[in-house]
Each structure stands twice: as C-alpha cells, then as structure tokens.
Amino acid sequence: MSGGRPSPAALASVALLAALALLPLLIPPFWTANIFGRAFVYGIVAMSLTFLATYGGFVSLAQTMMGGVAGYVAAVLVPDSVPSLVGGVPYAAAIPVALLAATASGLLVGAVAVRTQGIYLLMITLALAVGFHLFAQANIAWFNGYEGIRNVVGPEVFGLPFRNTFVFYYAALGSAALLYALVLYVVRTPFGLVLQGIRDNPRRVSALGYDAALHRIAAFGLAGFIAGCGGLLVTFYNIGISPGSIGLGPTVNVLVMCVIGGLGHPIGAFVGALVFTLFDTFAADIYDRDRFNTLVGAVFLLIVLVSPDGVLGLAKRAVAPLRGRRRVGPAAGAAPNTGAPLAAEE
Amino acid sequence: MLEIQDLSVHYGQAHALQGVRLSVGAEPLGVVGRNGMGKTTLCQAVMGMVGASGGSVRFEGREMRGLAANRVARAGIALVPQGRRIFPSLTVHEHLRLVSRGKGARWTIERVYETFPRLAERRNNGGTQLSGGEQQMVAIARALLTDPRLVVMDEPSEGLAPVIVDRLVEVLRALRGEGIGLLLVEQNLGVATEVCGTVAVMVNGRIAATMPSRALLDDEAAQRRYLGVSAAVGGGQR
Numbered sequence: 000m001s002g003g004r005p006s007p008a009a010l011a012s013v014a015l016l017a018a019l020a021l022l023p024l025l026i027p028p029f030w031t032a033n034i035f036g037r038a039f040v041y042g043i044v045a046m047s048l049t050f051l052a053t054y055g056g057f058v059s060l061a062q063t064m065m066g067g068v069a070g071y072v073a074a075v076l077v078p079d080s081v082p083s084l085v086g087g088v089p090y091a092a093a094i095p096v097a098l099l100a101a102t103a104s105g106l107l108v109g110a111v112a113v114r115t116q117g118i119y120l121l122m123i124t125l126a127l128a129v130g131f132h133l134f135a136q137a138n139i140a141w142f143n144g145y146e147g148i149r150n151v152v153g154p155e156v157f158g159l160p161f162r163n164t165f166v167f168y169y170a171a172l173g174s175a176a177l178l179y180a181l182v183l184y185v186v187r188t189p190f191g192l193v194l195q196g197i198r199d200n201p202r203r204v205s206a207l208g209y210d211a212a213l214h215r216i217a218a219f220g221l222a223g224f225i226a227g228c229g230g231l232l233v234t235f236y237n238i239g240i241s242p243g244s245i246g247l248g249p250t251v252n253v254l255v256m257c258v259i260g261g262l263g264h265p266i267g268a269f270v271g272a273l274v275f276t277l278f279d280t281f282a283a284d285i286y287d288r289d290r291f292n293t294l295v296g297a298v299f300l301l302i303v304l305v306s307p308d309g310v311l312g313l314a315k316r317a318v319a320p321l322r323g324r325r326r327v328g329p330a331a332g333a334a335p336n337t338g339a340p341l342a343a344e345e
Numbered sequence: 000m001l002e003i004q005d006l007s008v009h010y011g012q013a014h015a016l017q018g019v020r021l022s023v024g025a026e027p028l029g030v031v032g033r034n035g036m037g038k039t040t041l042c043q044a045v046m047g048m049v050g051a052s053g054g055s056v057r058f059e060g061r062e063m064r065g066l067a068a069n070r071v072a073r074a075g076i077a078l079v080p081q082g083r084r085i086f087p088s089l090t091v092h093e094h095l096r097l098v099s100r101g102k103g104a105r106w107t108i109e110r111v112y113e114t115f116p117r118l119a120e121r122r123n124n125g126g127t128q129l130s131g132g133e134q135q136m137v138a139i140a141r142a143l144l145t146d147p148r149l150v151v152m153d154e155p156s157e158g159l160a161p162v163i164v165d166r167l168v169e170v171l172r173a174l175r176g177e178g179i180g181l182l183l184v185e186q187n188l189g190v191a192t193e194v195c196g197t198v199a200v201m202v203n204g205r206i207a208a209t210m211p212s213r214a215l216l217d218d219e220a221a222q223r224r225y226l227g228v229s230a231a232v233g234g235g236q237r
C-alpha cells in the first residue's frame with residue numbers, strides 16, 4: 000500500500016501489461032480487435048464509473064453520455080466524416096477538444112447532481128443521459144439526428160490507419176493502461192483520499208477544511224475525461240457515432256460491465272468489459288439467434304447471485320484461503336470490530 | 000480567542016442552544032453537563048456543522064457564524080468529534096495524508112508519529128481495525144494536522160479504558176504548551192477538571208455557571224444540582 004518498493008500488485012500489473020502486449024502474436028486478428036480491443040475501450044468507459052462508485056460512492060449513469068460527448072465533438076470536427084458538419088479540423092486538434100468537452104460535460108453533470116445521493120443521483124444522471132440521447136436524435140444541424148455521423152476513421156498512426164487491427168489494439172491497450180494507472184495514482188493523492196472520505200462521511204470531510212461539493216464536481220470532471228477517452232476510442236472502433244450508441248442500452252451495459260467485473264477496484268471494469276464482450280459476441284452462436292440476450296441476461300444474473308461483488312469478488316475468495324487469513328484489506332468491507340458507531344454520522 | 004455570544008440553535012421546534020455565552024482564551028475551557036444538555040450541538044454550531052438561529056461565534060475577531068464547516072476549519076478551528084468518526088475505509092496513514100497541510104505546518108505526519116508512536120505501528124491498519132484509544136489518537140492527530148489554533152473536543156474520554164484516559168489527559172495538557180486553545184466538552188467531570196482550570200456547566204441549552212474547576216469539585220451541592228452526581232462519583236469515576 001505505501002510507496003517505495005514496488006508492491007506485488009504493481010509487479011502483477013506490469014506482468015499483465017506485458018502479457019497483453021504480446022497477446023496479438025498468439026490470437027487471431029478477430030480476437031485482437033473485436034474481443035480484447037473492444038473490451039479495453041468499453042472497459043475505459045466502465046472504469047470511469049468504477050472510479051466514481053468505488054472511491055466516491057457516486058453511481059452515475061451519465062458515463063456513456065460523457066463518452067458520447069467526446070465522440071460527437073470529434074465526429075463533428077474531423078475531416079472526411081459523413082455528413083461533414085464542421086470538418087477540416089485535424090485529429091491532433093479535434094481529439095484534445097473532444098476530451099475537453101467530455102471533461103466539461105463531467106463537471107456539468109457533477110455540478111447538477113452535487114446535492115444528490117444514491118437513487119436520486121442515479122435518477123438525475125439517467126435523466127441527463129436520456130436527455131442528451133434524445134437531443135442528439137432530434138437535432139439534425141449538429142448531430143445529424145437519428146443517422147448520426149459516419150466515417151469517423153480515427154487518426155493515422157505512423158502512416159497506418161487507425162482501423163488497422165494492431166494500431167487499434169495497441170492504442171486501446173495503451174490508453175487503458177495509462178488511464179488505469181492514472182486512477183490508481185489519483186486515489187492515493189490527498190484529492191483521492193478526500194474523495195474516499197466523502198464516501199465514508201461527507202460532513203467529517205468538510206469539518207477537516209475541505210469543500211466536499213467542489214471535490215465531488217472535480218471527481219466527475221476526471222470521470223468525464225476518462226469516459227471521453229473511452230468514448231473517442233469507441234467512436235473510432237465503430238467508425239462513427241449515432242444516438243443508438245449512447246442510448247439507454249449502452250448506458251445500462253456500462254453499469255452491467257462494472258457490476259459483473261466487480262466494483263471495489265478499477266481492474267474490475269476491464270474484467271467486466273471482457274466478460275460482457277465475450278458473451279455479447281458469442282452468445283448468438285451457442286444459443287438461438289433471436290433470443291441470445293436471454294442467455295446473456297441469465298449469465299449476468301448467475302454471476303451477481305453467486306458473487307454480489309462480481310468476478311473480482313470471486314477471485315478474491317478463491318485466493319484468500321491460499322494466502323492465509325492474515326490480511327483483511329481495508330477496502331474489503333471488514334466488519335467493524337470496535338464498539339464505536341463509525342459509519343453512521345450524527 | 001473564541002467569543003461565543005448569545006448563541007442559539009433550533010432543531011425544528013426544539014430550542015437546543017438558548018443563548019450560550021462562552022469565552023476561550025489561552026487557558027483551556029471545559030464544558031460539562033449531562034446527556035442531552037446541548038453540548039454536542041454547541042460543538043457543531045461552533046464548527047458550522049449546524050446552523051445557528053441567533054448570536055455570534057467570533058474567532059480571533061472574525062465572525063464564524065454562517066460560514067460552512069470547511070471555512071471554519073480553514074480559519075483555524077478543528078473539531079475532534081464525539082465517537083471519533085474515523086473514516087472506516089482509510090488506513091491510519093491515509094487519514095493523516097488526507098489532512099496534512101504540508102511541510103510548512105507546525106504539525107506534520109512525522110511529528111504525529113513521534114507524538115503517538117502507537118499510530119506509527121498501526122499506520123497500515125484500517126480505521127475499523129483500531130481500538131477505541133487508537134481511534135481517538137487518530138481523531139486528535141487528524142485535528143492537529145489541520146494546523147488549528149483552537150481545538151474543540153467533544154467527549155474525547157467516552158468509551159476509553161482508564162489507562163487510556165490518563166494518556167489522553169497528558170496529551171490535552173500538552174496542547175496548552177503548544178499555544179493551541181482548547182474547548183473541551185466532557186461528561187467526565189474528572190477529565191474536564193484535570194485538564195481545564197475553568198469549567199462551564201451546561202444545563203438545558205444554557206450555561207448555568209462558569210467557575211474554577213477547584214470550586215466545582217469542592218461544591219457537592221452544585222454538582223448534584225447541575226450534573227446529578229456527587230464528587231464521590233464524578234471526581235472519582237475516572
């Protein structure tokens with residue numbers, strides 16, 4: 000946990016990254032781009048929610064919307080998109096603008112929802128997400144309505160098109176790894192600790208001299224940036240963006256990924272995204288084509304029933320007996336072993 | 000340092016604080032009283048955690064009433080809340096890093112570990128894995144790291160073993176040497192009188208009397224009248 004020597008977790012992360020970097024040599028290109036690459040980019044969007052939910056206690060349904068803001072801004076700006084609404088702005092400029100817009104949308108959602116908690120926060124972020132979806136669907140001048148914007152091919156990297164399987168895979172992997180490291184770094188800074196303090200007890204945090212509302216809004220801004228990175232990559236992956244890709248379905252899918260993987264650690268978002276992608280891709284092959292969603296739903300239900308804290312929880316319980324019982328992680332929800340009432344505030 | 004004038008707090012119809020007047024200078028001031036007399040409300044009203052309906056709270060000449068809790072904290076007042084209120088999911092070290100104001104501050108994390116060696120041993124333990132005494136040390140350290148000029152403590156001895164209370168009294172006495180003001184709210188008359196030369200007695204949301212600690216300890220009739228205890232219980236309890 001403390002700084003200094005590399006922890007086993009950090010070493011495991013580096014080993015995992017190296018393994019993933021070599022993975023395309025071993026698997027068919029379809030798996031590289033459409034399973035792992037896709038899992039990384041959706042996992043980034045999911046991680047923005049995991050970040051908010053795990054460290055701040057804010058369950059937001061607006062993360063797909065924030066990703067959509069980035070996707071739409073880029074789609075409107077870049078050359079060669081169809082229809083060309085603004086066009087002509089090179090990717091090198093359009094991408095930062097898109098990420099800035101996503102961050103701003105995150106700050107805005109955070110500010111609007113700053114006084115709400117729990118189910119009310121869920122409702123207000125859902126309303127914002129659905130509102131943006133409907134607006135994009137109805138607005139022709141900026142969003143080209145129902146059809147959306149096509150042919151957003153992504154930037155060229157070293158002369159190779161972004162759609163190249165390997166370019167996409169490594170861009171997705173690199174972004175995911177950097178953002179994952181960013182989240183793990185941020186939650187250990189005083190800002191991240193304040194955020195966790197807010198989750199535990201917002202009044203106590205203000206009594207220590209911090210403006211809980213501002214920290215909350217800033218956390219949503221950071222989540223907006225992360226979701227924006229994911230949304231951009233999703234847009235390049237789909238070679239365009241349409242209202243359908245930011246509707247209720249994709250919004251709920253992100254929540255499902257987080258829950259399947261397990262809240263509690265940002266890696267859960269990627270685990271959940273991978274499981275989701277596998278089922279989303281192959282369920283139609285192993286079950287009736289018209290009703291494969293039944294299978295997807297049943298599997299998700301099973302995972303959540305068996306392990307309310309998702310795949311991460313399963314893994315933790317599988318590993319725990321091997322490690323012995325000497326360590327109870329502070330975030331694992333250890334039962335209070337003192338008489339003092341801790342969680343409930345005055 | 001702290002001047003409280005006619006401070007009133009209402010919870011709906013209930014008039015919890017009814018014109019409280021107190022003054023804290025360089026010497027620590029104790030506030031004693033039975034349960035439900037408004038002691039915790041007083042702490043929270045000073046801190047800006049509950050809204051006051053009247054009166055004033057002046058700290059170093061500045062009006063604190065109406066300021067949000069985070070602004071009161073930044074002005075130099077720290078609260079050690081009743082029941083400690085440790086963050087359950089943060090470790091000891093994370094608690095300290097959360098509040099640490101950096102190198103220039105009088106209280107740094109290193110100094111906290113020197114003062115409370117037990118916390119250094121427990122630095123990677125979660126908030127819920129600590130004993131009551133350790134939690135109290137974390138709560139006090141957390142308050143000191145905000146670099147306060149006045150600390151408000153709400154029943155710090157509550158639920159602690161007698162040996163730990165002795166250690167707590169030493170720590171509180173040391174604060175005076177630091178030049179940090181102390182408003183000590185206690186149900187334990189023994190602790191309040193050992194730490195503070197002057198105590199105020201709170202009854203039904205008012206300050207019924209302010210007197211030297213010695214005088215209250217010697218006056219069994221006053222103890223019975225104000226606190227419903229006699230020295231045999233109140234003074235000897237701890």
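So the sequence lines, in the order shown, correspond to chains Y and U. Just so we're aligned, residue 0 is where the first sequence starts under numbering that gives the first Met the number 0, counting upward by one. Just so we're aligned, residue 0 is where the second sequence starts under numbering that gives the first Met the number 0, counting upward by one. For glycine and all other residues, C-beta sits at the position ideal for the given N, C-alpha and C.
Practice problem: Spell out whether any CB of chain U is found under 8 Å from the CB atom of residue 193 of chain Y. | Solution: For the purposes of this step, residue 193 of chain Y is taken as the residue at position 194 of the first sequence. Yes, contact with chain U.
Quiz item: residue 330 of chain Y CB to nearest chain U CB: under 8 Å?
Solution: Here residue 330 of chain Y is taken as the residue at index 331 of the first sequence, counted from 1. Confidence in residue 330 of chain Y is poor, its pLDDT being 41 and thus under 50, which makes the residue's placement too unreliable to answer from.
Quiz item: Taking the beta strand (DSSP E) that residue 77 of chain U falls in, what are its first and last residues?
Solution: If you number the second sequence from 1, residue 77 of chain U lands on position 78. 76 to 79 is the extent of the beta strand (DSSP E) around residue 77 of chain U.
Quiz prompt | Residues of its chain near residue 85 of chain U, where Cβ-Cβ distance is below 6 Å and the 5 sequence neighbours each way are ignored | solution = Position 86 of the second sequence, counting from 1, holds the residue named residue 85 of chain U. Excluding positions up to five away in sequence, the list reads 126, 134 and 137.
Self-check item: Proximity of residue 235 of chain Y and residue 156 of chain Y at Cβ, strictly below 8 Å
Solution: In the first sequence, counting from the first residue as 1, residue 235 of chain Y sits at position 236. In the first sequence, counting from the first residue as 1, residue 156 of chain Y sits at position 157. No. Outside cutoff.
Quiz item: What does a CB cutoff of less than 7 Å around residue 154 of chain U pick up in its chain, not counting 5 residues either side in sequence?
Solution: In the second sequence, the residue the question calls residue 154 of chain U occupies position 155. Excluding positions up to five away in sequence, the list reads 81, 184, 185 and 186.
Quiz prompt | For residue 196 of chain U, three-class secondary structure by DSSP | solution = Indexing the second sequence from 1 puts residue 196 of chain U at position 197. Three-state DSSP puts residue 196 of chain U in coil, outside helix and strand.
Quiz item: Among all the DSSP beta bridges, which residues are the ones paired with residue 209 of chain U?
Solution: Residue mapping note: residue 209 of chain U aligns to position 210 of the second sequence, counting from 1. DSSP output for residue 209 of chain U lists U:199 as bridge partner(s).
Practice problem: Assign residue 46 of chain Y to buried or exposed, taking buried as 16 or more other Cβ atoms, counted over all protein chains shown, within 10 Å of its Cβ. | Solution: Taking the first sequence and counting its residues from 1, the one referred to as residue 46 of chain Y is at position 47. Answer is buried; the Cβ neighbour count reaches 16.
Practice problem: Could you tell me which residues DSSP pairs with residue 57 of chain U in its beta bridges? | Solution: Taking the first residue of the second sequence as 1, we reach residue 57 of chain U at position 58. DSSP output for residue 57 of chain U lists U:2 and U:62 as bridge partner(s).
Quiz item: What are the start and end residues of the alpha helix (DSSP H) that includes residue 132 of chain Y?
Solution: The residue given as residue 132 of chain Y occupies position 133 in the first sequence. Segment 117 to 137, the alpha helix (DSSP H) holding residue 132 of chain Y.
Quiz item: So, does the CB of residue 206 of chain Y fall closer than 8 Å to a CB anywhere in chain U?
Solution: By 1-based counting over the first sequence, the position of residue 206 of chain Y is 207. Yes, because at least one Cβ of chain U sits closer than 8 Å to the Cβ of residue 206 of chain Y.
Quiz item: Of all Cβ atoms in chain Y, is any one closer than 8 Å to the Cβ of residue 161 of chain U?
Solution: Taking the second sequence and counting its residues from 1, one reaches residue 161 of chain U at position 162. Judged by the 8 Å Cβ criterion, residue 161 of chain U is not in contact with chain Y.
Quiz item: So is residue 7 of chain Y in contact with chain U if we call contact Cβ pairs under 8 Å?
Solution: As a working mapping, residue 7 of chain Y is identified with position 8 in the first sequence. It does not; no Cβ of chain U falls within 8 Å.
Quiz item: Considering only the beta carbon of each residue, do residue 233 of chain Y and residue 70 of chain Y sit closer than 8 Å?
Solution: Locating residue 233 of chain Y in the first sequence gives position 234, counting from the first residue. Locating residue 70 of chain Y in the first sequence gives position 71, counting from the first residue. Result yes, Cβ atoms of residue 233 of chain Y and residue 70 of chain Y sit closer than 8 Å.
Exercise. Could you pull out every residue in the same chain whose Cβ sits closer than 8 Å to the Cβ of residue 227 of chain U, ignoring the five residues on either side in sequence?
Key: As a first step, residue 227 of chain U is located in the second sequence; it is residue number 228 there, counting from the start. If we look at residue 227 of chain U and ignore the five residues flanking it on each side, its Cβ neighbours are 33.
Exercise. Work out the CA separation of residue 116 of chain Y and residue 95 of chain U for me, nearest whole Å.
Key: Numbered from 1 along the second sequence, position 96 holds the residue referred to as residue 95 of chain U. Numbered from 1 along the first sequence, position 117 holds the residue referred to as residue 116 of chain Y. Each residue's alpha carbon lies about 27 Å from the other.
Quiz item: Assuming residue 255 of chain Y and residue 299 of chain Y make a contact with CB atoms under 8 Å, what is their CB distance in whole Å?
Solution: Here residue 255 of chain Y refers to the residue found at position 256 of the first sequence. Here residue 299 of chain Y refers to the residue found at position 300 of the first sequence. Contact holds; Cβ gap of about 6 Å.
Quiz prompt | Inter-residue Cα distance where the pair is residue 137 of chain Y and residue 84 of chain Y | solution = The sequence position of residue 137 of chain Y within the first sequence is 138, counting from 1. The sequence position of residue 84 of chain Y within the first sequence is 85, counting from 1. Cα to Cα, residue 137 of chain Y sits roughly 16 Å from residue 84 of chain Y.
Quiz item: With a CB to CB cut of under 6 Å and the five nearest residues on each side skipped, what residues in its chain are close to residue 56 of chain U?
Solution: The count along the second sequence starts at 1 and reaches residue 56 of chain U at position 57. Here the set comprises 3, 45, 63 and 64.
Quiz item: If you compare alpha carbons, which of Y:110, Y:240 and Y:172 is closest to residue 19 of chain Y?
Solution: The residue given as residue 19 of chain Y occupies position 20 in the first sequence. Closest by alpha carbon: Y:172.
Self-check item: Cβ separation of residue 148 of chain Y and residue 74 of chain Y, assumed to be a contact under 8 Å, to the nearest whole Å
Solution: Position 149 of the first sequence, counted from the first residue, corresponds to residue 148 of chain Y. Position 75 of the first sequence, counted from the first residue, corresponds to residue 74 of chain Y. Confirmed, Cβ separation roughly 4 Å.
Quiz item: Do the region 206 to 213 of chain Y and the region 68 to 83 of chain U meet, that is, are 3 or more Cβ pairs less than 8 Å apart?
Solution: yes
Quiz item: So with Cβ pairs under 8 Å, would you call residue 10 of chain U a contact of chain Y?
Solution: Position 11 of the second sequence, counted from the first residue, corresponds to residue 10 of chain U. So no, residue 10 of chain U is outside the interface.
Quiz prompt | Contact set between the region 77 to 98 of chain U and chain Y, restricted to residues whose Cβ is under 9 Å from the partner | solution = 77, 78, 80, 81, 82, 83, 84, 85, 86, 87, 88, 89, 90, 92, 93, 94, 96, 97 and 98
Exercise. Spell out the partners DSSP gives residue 152 of chain U in its beta bridges.
Key: By one-based count along the second sequence, residue 152 of chain U stands at place 153. Answer is U:79 and U:183, bridged to residue 152 of chain U.
Quiz item: For residue 126 of chain Y, which of Y:247, Y:67, Y:273 and Y:265 has the nearest alpha-carbon?
Solution: What you label residue 126 of chain Y is simply residue 127 of the first sequence in a count that begins at 1. The shortest Cα separation from residue 126 of chain Y among Y:247, Y:67, Y:273 and Y:265 belongs to Y:247.
Practice problem: Compute the distance between the beta-carbons of residue 23 of chain U and residue 0 of chain U, then report whether it is under 8 Å. | Solution: As a working note, residue 23 of chain U is residue 24 in the second sequence. As a working note, residue 0 of chain U is residue 1 in the second sequence. Contact flag set, yes.
Quiz item: residue 197 of chain U versus chain Y: which residues are under 8 Å apart at the beta carbon?
Solution: Residue mapping note: residue 197 of chain U aligns to position 198 of the second sequence, counting from 1. Ordered by position in chain Y, no residue passes the 8 Å Cβ test against residue 197 of chain U, which lies about 26 Å from the chain.
Exercise. Buried or exposed for residue 83 of chain U, please, with buried defined as at least 16 other CB atoms from any protein chain shown within 10 angstroms of its CB.
Key: In the second sequence, the residue the question calls residue 83 of chain U occupies position 84. Label assigned to residue 83 of chain U: buried.
Quiz item: Which runs of the alpha helix (DSSP H), 4 residues or longer, sit entirely within the region 93 to 150 of chain U?
Solution: 108 to 114, 116 to 120 and 131 to 144
Exercise. Could you give the DSSP three-state label for residue 37 of chain U: helix, strand or coil?
Key: Within the second sequence, numbered from 1, the residue matching residue 37 of chain U stands at position 38. Coil at residue 37 of chain U, not helix or strand.
Quiz item: Among Y:94, Y:40, Y:123 and Y:57, which residue has its Cα nearest to the Cα of residue 268 of chain Y?
Solution: Taking the first sequence and counting its residues from 1, the one referred to as residue 268 of chain Y is at position 269. For the residues Y:94, Y:40, Y:123 and Y:57, the minimum Cα distance to residue 268 of chain Y belongs to Y:40.
Quiz prompt | residue 102 of chain U burial status per 10 Å Cβ neighbour count (16 or more: buried) | solution = Within the second sequence, numbered from 1, the residue matching residue 102 of chain U stands at position 103. By the neighbour-count rule (16 or more Cβ atoms within 10 Å), residue 102 of chain U is not buried but exposed.
Exercise. Report yes if the CB atom of residue 181 of chain U is closer than 8 Å to the CB atom of residue 87 of chain U, and no otherwise.
Key: Along the second sequence, one-based indexing puts residue 181 of chain U at 182. Along the second sequence, one-based indexing puts residue 87 of chain U at 88. Result no, Cβ atoms of residue 181 of chain U and residue 87 of chain U do not sit closer than 8 Å.
Practice problem: Please classify residue 104 of chain Y: does DSSP put it in a helix, a strand, or coil? | Solution: Taking the first residue of the first sequence as 1, we reach residue 104 of chain Y at position 105. In the structure shown, residue 104 of chain Y sits in a helix (DSSP, three-state: H, G or I).
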